[in-house]
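K.L.:
Mind having a look at this structure? Questions to follow.
Residue numbers (our numbering): 21 to 570.
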């Protein structure tokens, strides 16, 4: 299921794998021995209630009738969900669309951007759309706001389906408003480990994808991860953790065409599971592949290689010869997603053990949510969110949070970016609409940072990334340099039943996360694009190139 060259750390990796075998890690995971990750009885009890993913393939197979019946057959499906509630079905939809020629697509809305909400709505025929409202807790503010908005736009809730835990506020709401069906997921499966449960499979089944081949591959991976020798999940998890302990903590995903979306799911799994207590794996997804001279010594490359594809092979061989560890994971077809989901979940649990962290909690995620709630209260009381003057300003760009006097935006960006030391990473946090144009613009900002500074770069759209890498940013290694990006908007969208809009919510989320990063001592600056996201990101890319050219 994988092959690897570990470079100069090969002996250390093999010794660490033998230590894991001697410690009985595989047997203890399958016994659900929560003491593997903590000595604290209270923590152990919580972990014991987060291991349901180990047996989920068989559990789901017994409920395929419910999945097929509850999913329905309406032509289009829109998924309203954040983080683990939306990433897996998005990967399944995109991968099957490219590799299997599957014609029906899944529209995922995981943004509070008013422009993105309007664009998503205008892209579908609401009268022919089924809506999946997915939230484990049933309390996710973005998802509940989206549901209220689209129930209002659709006129009633008869084409709405909920996926949640039993007893959640979402289950109550679905009952009161007359949702067509409610899928109750096992409570012992955490959100980021839920790919093979109702959360991942019900929406993808609704667009016509047969879940059985995926589940069969997942069961094969499950068997492979039970093995005491040649266990791919054990070896991958131990190796990534051991490399991180030795400074190679930037797990950089490279994928054949058609498999690119998988990195976004794995990013959340690794970041939220391991990024705590000042430790963690730092996933790098969507960064253009470069030559060896563009990288520092902090990388390990993971190649998702589709059978028959030669894309990226030459570049990765060159990186391997230069001493970078390279893991190759062969993928036969779209059905192999089932195996990949399970393998990475198992490997992540193992990595948590090796790093000495609990891979099933997310202790810092609530901070930004609490800050957002506090800022919303301020808005409701005072009619505006708190504001401060910029440190530097150009005609179309304002920069906040950079200390000291700055002569220009370019000078401020230069000062800020050069604060990234060897082994650090630069994270772009873009509270702008997510689309092809903005994604391309972020890549154009990342590339010169990587090429000139030789620093790893990550990029996420807000608030989506708060449910993915937000835990890592606050709780992981103190090696991140954070550039938050906000933009002026042309329109806003009201939230039914709320005294604020989606635009105010997004601004409060950005400000709340900024405050949390500052409290953790993370270097963070905010770039505000006065001309809006499209033109503004193009301008920012030019300014970044200028800042790095001198």
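For every residue, glycine included, the Cβ atom is placed at its ideal position computed from N, Cα and C.
(1) Given a cut-off of 8 Å, decide if residue 300 and residue 212 are closer than it, judged by their beta-carbon atoms.
(2) Please list the terminal residues of the continuous alpha helix (DSSP H) segment that includes residue 166.
(3) Using 10 angstroms around the beta-carbon of residue 155, count the other beta-carbons present and answer buried if the total reaches 16, otherwise exposed.
(4) Hey, residue 245 and residue 321: beta-carbon distance below 8 Å or not?
(5) Compute the beta-carbon to beta-carbon distance between residue 286 and residue 303, rounded to the nearest angstrom, for a pair I have assumed lies under 8 Å.
(6) So, does the segment 411-429 touch the segment 464-474, judging by three or more C-beta pairs under 8 Å?
(7) So what's residue 205 in DSSP terms, helix, strand or just coil?
(8) Going by beta carbon distance, what residues of the same chain come within less than 7 Å of residue 81, once the five residues before and after it are set aside?
(9) In whole angstroms, give me the CA-to-CA distance for residue 398 and residue 64.
(10) How should residue 538 be labelled, buried or exposed, when 16 other C-beta atoms within 10 angstroms of its C-beta is the threshold for buried?
(11) Go ahead and pull the three-state DSSP assignment for residue 312.
(12) So, using beta-carbon positions, are residue 502 and residue 449 closer together than 8 Å?
(13) Runs of 3 residues minimum, wholly inside the segment 178-259: which ones carry the beta strand (DSSP E) assignment?
(14) Check the DSSP bridge columns for residue 548 and list the partner residues they point to.
(15) Hey, how far is the Cα of residue 476 from the Cα of residue 445?
(16) Could you give the first and the last residue of the continuous beta strand (DSSP E) run that contains residue 350?
(17) Taking the straight line between their C-alpha atoms, what separation do you get for residue 513 and residue 160?
(18) Is DSSP giving residue 113 helix, strand or coil here?
(19) So residue 320 is in the beta strand (DSSP E); what residue range does that whole segment cover?
(20) Using only CA atoms, which one of 441, 327, 178, 109 lies nearest to residue 127?
(21) Which same chain residues end up closer than 8 Å to residue 251 when comparing Cβ atoms and leaving out the 5 residues on each side of it in sequence?
(22) Checking 8 Å against the spacing of the C-beta atoms, do residue 199 and residue 100 come in under that value?
(23) Compare the Cα-Cα distances from residue 384 to each of 533, 73, 186 and report the closest residue.
(24) Considering only the beta carbon of each residue, do residue 133 and residue 526 sit closer than 8 Å?
(25) Which class does residue 150 belong to by DSSP, given the choice of helix, strand or coil?
(26) Hey, quick one: how far does the beta strand (DSSP E) through residue 273 stretch, first residue to last?
(27) Just reading off the beta strand (DSSP E) that residue 23 is part of, what are its end residues?
(28) Residue 229: which of 388, 153, 138, 354 sits nearest, CA to CA?
(29) Tell me, please, whether the segment 267-283 touches the segment 36-52 by the rule of three or more beta-carbon pairs shorter than 8 Å.
(30) Which one or two residues does DSSP pair with residue 98 in a beta bridge?
(31) Thinking residue 519 and residue 552 are a contact (beta carbons under 8 Å), I'd like their distance in whole angstroms, please.
(32) Starting from the C-beta of residue 579, find all residues in its chain whose C-beta is less than 7 Å away, skip the five residues before and the five after it, and write them out in chain order.
(33) Any idea which residues DSSP pairs residue 571 with across the strands?
(34) Using 8 Å for Cβ pairs, my map puts residue 370 next to residue 40. What's the rounded Cβ distance?
(35) With C-beta atoms as the reference, is residue 496 less than 8 Å away from residue 380?
(36) Quick check: residue 151 and residue 114, are their CB atoms within less than 8 Å of each other?
P.N.:
On the basis of the coordinates in this document:
(1) Stepping through the chain shown from its first residue, residue 212 is reached at position 192. Stepping through the chain shown from its first residue, residue 300 is reached at position 280. The answer is no: Cβ separation not under 8 Å.
(2) Here residue 166 refers to the residue found at position 146 when the chain shown is read from its first residue. For residue 166, the enclosing alpha helix (DSSP H) begins and ends at 161-174.
(3) Residue mapping note: residue 155 aligns to position 135 of the chain shown, counting from 1. Within a 10 Å sphere around the beta-carbon of residue 155 sit 16 or more other beta-carbons, which makes this residue buried.
(4) Position 225 of the chain shown holds residue 245. Position 301 of the chain shown holds residue 321. Contact annotation: residue 245 and residue 321 have beta-carbon atoms that are not nearer than 8 Å.
(5) Here residue 286 corresponds to residue number 266 of the chain shown, with the count starting at 1. Here residue 303 corresponds to residue number 283 of the chain shown, with the count starting at 1. With a Cβ gap of about 6 Å, residue 286 and residue 303 count as contacting.
(6) The answer is no - the segment 464-474 does not touch the segment 411-429, with fewer than three Cβ pairs under 8 Å.
(7) Along the chain shown, read from residue 1 onward, the residue named residue 205 stands at position 185. Residue 205 carries a strand assignment under DSSP once its states are collapsed to helix, strand and coil.
(8) Working through the chain shown from its first residue, we reach residue 81 at position 61. Same-chain partners within the cutoff: 235.
(9) Locating residue 398 in the chain shown gives position 378, counting from the first residue. Locating residue 64 in the chain shown gives position 44, counting from the first residue. Roughly 38 Å between the two C-alpha positions.
(10) By 1-based counting over the chain shown, the position of residue 538 is 518. By the 10 Å Cβ count, residue 538 comes out exposed.
(11) Residue 312 sits at position 292 when you count from the first residue of the chain shown. Secondary structure at residue 312: helix, using DSSP grouped into helix, strand and coil.
(12) To locate residue 502, count along the chain shown from 1; it is residue 482. To locate residue 449, count along the chain shown from 1; it is residue 429. When the beta-carbon positions are compared, residue 502 and residue 449 come within less than 8 Å of each other.
(13) Every unbroken stretch of the beta strand (DSSP E) spanning 3 or more residues and falling wholly within the segment 178-259 is given here in chain order: 180-185, 201-205.
(14) Indexing the chain shown from 1 puts residue 548 at position 528. Beta-bridge analysis with DSSP links residue 548 to 418, 506.
(15) Along the chain shown, read from residue 1 onward, the residue named residue 476 stands at position 456. Along the chain shown, read from residue 1 onward, the residue named residue 445 stands at position 425. Using only the alpha carbons, I get a separation of about 5 Å.
(16) Position 330 of the chain shown, counting from 1, holds the residue named residue 350. Taken as a continuous stretch (DSSP letters only), the beta strand (DSSP E) holding residue 350 covers 346-351.
(17) If you number the chain shown from 1, residue 513 lands on position 493. If you number the chain shown from 1, residue 160 lands on position 140. Taking the straight line from one Cα to the other gives about 18 Å.
(18) Counting from one through the chain shown, the residue named residue 113 turns up at place 93. Of the three classes helix, strand and coil, the one that applies to residue 113 here is helix, per DSSP.
(19) Along the chain shown, read from residue 1 onward, the residue named residue 320 stands at position 300. Per DSSP, residue 320 belongs to the beta strand (DSSP E) from 319-326.
(20) Counting from one through the chain shown, the residue named residue 127 turns up at place 107. Comparing Cα-Cα distances from residue 127 to each of 441, 327, 178, 109, the minimum goes to 109.
(21) Along the chain shown, read from residue 1 onward, the residue named residue 251 stands at position 231. Cβ within range, chain order: 46, 244, 245.
(22) In the chain shown, the residue the question calls residue 199 occupies position 179. In the chain shown, the residue the question calls residue 100 occupies position 80. Cβ atoms of residue 199 and residue 100: not closer than 8 Å.
(23) Taking the first residue of the chain shown as 1, we reach residue 384 at position 364. Checked all of 533, 73, 186; the closest Cα to residue 384 is 533.
(24) The count along the chain shown starts at 1 and reaches residue 133 at position 113. The count along the chain shown starts at 1 and reaches residue 526 at position 506. In this structure, residue 526 lies closer than 8 Å to residue 133 by Cβ.
(25) Locating residue 150 in the chain shown gives position 130, counting from the first residue. Correct three-state label for residue 150: strand.
(26) Sequence index remark: in the chain shown, residue 273 carries index 253 (1-based). Residue 273 -> beta strand (DSSP E) spans 270-275.
(27) Along the chain shown, one-based indexing puts residue 23 at 3. Its beta strand (DSSP E) spans residues 23-25.
(28) Mapped onto the chain shown, residue 229 falls at position 209. Ranking 388, 153, 138, 354 by Cα distance to residue 229 puts 354 first.
(29) Under the three-pair Cβ rule at 8 Å, the segment 267-283 does not count as touching the segment 36-52.
(30) Taking the first residue of the chain shown as 1, we reach residue 98 at position 78. The partner list for residue 98 (beta bridge, DSSP) reads 127, 151.
(31) Taking the chain shown and counting its residues from 1, one reaches residue 519 at position 499. Taking the chain shown and counting its residues from 1, one reaches residue 552 at position 532. Not confirmed; about 26 Å, so no contact.
(32) Limits of the chain in this structure are 21 at one end and 570 at the other, which puts residue 579 out of reach.
(33) Absent from the structure is residue 571, since the part of the chain shown begins at 21 and ends at 570.
(34) Translated into positions along the chain shown, residue 370 becomes position 350. Translated into positions along the chain shown, residue 40 becomes position 20. The pair is a contact, with the Cβ atoms about 7 Å apart (cut-off 8 Å).
(35) Position 476 of the chain shown, counted from the first residue, corresponds to residue 496. Position 360 of the chain shown, counted from the first residue, corresponds to residue 380. Against a cut-off of 8 Å, the Cβ pair of residue 380 and residue 496 comes out as no contact.
(36) One-based indexing of the chain shown puts residue 151 at position 131. One-based indexing of the chain shown puts residue 114 at position 94. For residue 151 and residue 114, no; Cβs fall outside 8 Å.
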